[in-house]
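Enquirer:
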Amino acid sequence: MGADATPPSAAPAMISYAQNCEDVLLERVFKDAATGFYIDIGAYHPTIGSVTKTFYDRGWSGINVEPGTVFDELARERPRDTNIRAVVTDQEGDVGFFENQSDPGMSKVAEGPVTADGEGEMLRVRAVTLDSLVAQHAIGQEINFLKIDAEGSEAAIIRATDWSLIRPLVLVIEATAPWSNELVNQNWEPVLLANGFLRAYFDGINVFYVRAESKELLRHFQVPVNVLDGHLTFEQWHSGVAVKQLTAERSEIIAQRDQFSAECEAQRQKSADIQERSVELTAAVERAEAEIQRLTVHAAALSKRLAREQKQAEAERKRLIAQAAALSAQLEQELQQAAAEGIRLTAHAAALSKQLEQERERAEEDGRRLAAQVAALSRQMEQERHSLVSATSLAAGYDRIVLDLRDEGGPRALGSVLPLARLLRRFHHTVGRDNATAITPAESSMVSPASYEPPSSPAPGRLRSTVKKGALGVYKVLFRPFVRPVMWRVRTFLLQPVYERLDRSQEALHQARSNEIQALRQEQAQLARSLDNHARSDDIQVLRQEQAQLVRSLEALALTIASNPPRER
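Numbering (full-length UniProt numbering), first residue to last: 1 to 569.
#1: For V95, does the three-state DSSP call read helix, strand or coil?
#2: For N226, which residues in the same chain have their Cβ closer than 7 Å to its Cβ, ignoring the five residues on either side in sequence?
#3: Is it buried or exposed for F145, if we count other Cβ within 10 angstroms and need 16 for buried?
#4: Express the C-alpha separation of M122 and V87 in angstroms, rounding to a whole number.
#5: Between which two residues does the beta strand (DSSP E) containing K53 stretch?
#6: Comparing alpha-carbon positions, which option in Y44, Q524, R28 and R484 lies nearest L218?
#7: Just to confirm my understanding: we take T82, look at its own chain, exclude 5 residues before and 5 after, and list those with CB closer than 6 Å. What are they?
#8: Any idea if T69 is buried or exposed, counting beta-carbon neighbours within 10 angstroms, 16 or more meaning buried?
#9: For a test of the three-state rule: what should DSSP assign to G470, helix, strand or coil?
#10: Output the distance between the C-alpha atoms of Q222 and R199, rounded to the nearest integer angstrom.
#11: Kindly indicate which three-state DSSP category T89 falls into: helix, strand or coil?
#12: Span of the beta strand (DSSP E) holding R211?
#13: Looking at the C-beta of Y44, does it have a partner C-beta in chain C at a distance below 8 Å?
#14: For the segment 317 to 383, list the beta strand (DSSP E) runs that are entirely contained and at least 3 residues long, ordered along the chain.
#15: From A160 to Q245, what does the alpha carbon distance come to, in whole angstroms?
#16: Determine the DSSP secondary structure at V477, reduced to helix, strand or coil.
#17: So for S16, helix, strand or coil by DSSP?
#18: According to DSSP, N100 sits in a beta bridge with which residue or residues?
#19: Classify F493: buried if its beta carbon has 16 or more other beta carbons within 10 angstroms, exposed otherwise.
#20: Closer than 6 Å by C-beta to D40: which residues in its own chain qualify, once you throw out the five before and the five after it? Chain order, please.
#21: Between V210, S50 and N206, which has its C-alpha nearest T233's C-alpha?
#22: Pull up the DSSP beta-bridge partners for K147, would you.
#23: In angstroms with no decimal places, state the Cα-to-Cα distance between A34 and F260.
#24: Since F221 sits in a beta bridge, which residues does DSSP pair it with?
#25: What's the gap between the Cα of L331 and the Cα of G342?
#26: What first and last residue would you give for the alpha helix (DSSP H) that runs through R199?
#27: Considering only heavy atoms of the ligand FAD, does any lie closer than 7 Å to the CB of K215?
#28: With a threshold of 16 other CB atoms inside 10 Å of the CB of P190, please say whether the residue is buried or exposed.
#29: According to the neighbour-count rule (16 or more other Cβ atoms, all chains shown, within 10 Å of its Cβ), is V297 buried or exposed?
#30: Check each candidate in R294, Q293, A528 and L377 and name the one with the smallest Cα separation from R362.
#31: Does DSSP put I166 in a helix, in a strand, or in coil?
#32: Secondary structure at residue 586, three-state DSSP: helix, strand or coil?
#33: V490 by DSSP, collapsed to three states: which one?
#34: Just to check my reading of the structure: V24 and H220 have Cβ atoms closer than 8 Å, yes? What is that Cβ distance to the nearest angstrom?
#35: N185: buried (16+ other C-beta within 10 angstroms of its C-beta) or exposed?
#36: Ends of the beta strand (DSSP E) at residue 571?
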């Protein structure tokens, strides 16, 4: 390195996830591209040995093809990519695929019997061509780089692909035999060279090709990957992370050690405190033993005192037994007296029960009598109500007549109107008698045709109608203004005694009903006082219910009388 060379900038180191730092060379080419598109045939794990992990983290996307069981993890970690579980070869359909679990690099498409050179299993997977893959998922899309790691199927893929349509800027193809540096690209490299791709670099495992129309990219492949590329391998980065974790764990262990030391010191101090406390407890135990000895002496004295008090208690017990025997005899005597008193009270209760039954029968009789009186009063009230309604209707008829004759002139017009009214009445009677002498339709039907003579004057009925209409017209014009006031005065004079009699009748009826209700209430109160003297009988409860029903009936009767007061004039 020259003396005037400057160190690289302190930019963050790139993490290379690829197996042989292929992504470092691709980063040289596409370091200025913020977005891009890639196709990874044989993608394997989303992180371990991945050529596309660095570009996916930068925001790129593309197509990942992987036939092995690691595909599920790949699809889960690369949601932005198009992930296809298949093998890419020169034909479509299903093929056998041997997955070597101990060495995934030895997995391959099974074209015949597979030798057991590792632990694995045979799978049936879908086979697609590179042309159909691009046509279905990347038509019209510029491909920045295409990586092919098909474990022996590279020749079939390259020969079956139309490279005039598929033109990635960079091709990365595994070109050596497994676990060696021997090139095996002699069968398929001429196809790429013939289709306008230029060989750019061989890194010991892969051969990089650049399309002829982008040959300016060849300058990025002039030197191998070196320290100036500013990268760390995934293993180095992971080791650094592990070192950081170990350093953090060491710091945590030191902190735990310091904490443990502090706890030990605290325990030592606590042990000293316990020792001091132990001395205090020893002194306390000695004091307690002295107290126990004192209490033992006191307990002996108490035992002697207890024995003495037990003897006294035994004597007291015997005395109480004798006293209890005397009290038992006295109690037996009192029980006999109580039995005799119970017999006497039973006889007295029977007599009282009989008396109560008699009182109940008398109460039932009084109740039936009161019910009959209430029914009679109800019927009488109904009759009085009908009489009152009839009198009210008659008074209303008189009122209508008087209203027709009402006049402010008063009795002064009565002297001139009454003779005219008598004249009209006589005229009406005369016309009525003339109509009575006329031949009825029934009689006329009995007259023979020979005796029939035509009338020489108008029919009496027509004359009567004409006279009646004329008289009615004269009456309405000349006499009705005077007759109505006069008749009103006459009606008032004639109905005055009727009103006074109705008022006196209603007042007397109201007073009689009030007296009867008062008497019924007094009888009901007397019956209640009589029933209160025998409140323990079940029949008394029934009588009280009948009493309450009777009170409600009396109150309803009082409301009925109060709702029909004497008529005011």
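No residue lacks a Cβ here, since even glycine has one placed at the ideal position from N, Cα and C.
Expert: Reading off the structure:
#1: strand
#2: none
#3: buried
#4: 14 Å
#5: Run containing K53: none in the beta strand (DSSP E); it sits in the alpha helix (DSSP H), K53 to D57.
#6: R28
#7: I63 and H137
#8: exposed
#9: helix
#10: 12 Å
#11: coil
#12: N206 to R211
#13: In the displayed structure, chain C is absent; only one protein chain is listed.
#14: none
#15: 50 Å
#16: helix
#17: strand
#18: G120
#19: exposed
#20: T52, N64 and K147
#21: S50
#22: D40 and V172
#23: 53 Å
#24: Answer is none; F221 lacks a bridge partner.
#25: 16 Å
#26: Element bounds for R199: not the alpha helix (DSSP H) but the beta strand (DSSP E), F197 to F202.
#27: Of ligands this structure carries none, so the ligand FAD is not represented either.
#28: exposed
#29: exposed
#30: A528
#31: coil
#32: In this structure the chain extends from 1 to 569, so residue 586 is not present and cannot be described.
#33: helix
#34: Wrong, their Cβ atoms sit about 11 Å apart, outside the cutoff.
#35: buried
#36: The chain is shown only over 1 to 569; residue 571 falls outside these bounds and no answer can be derived.
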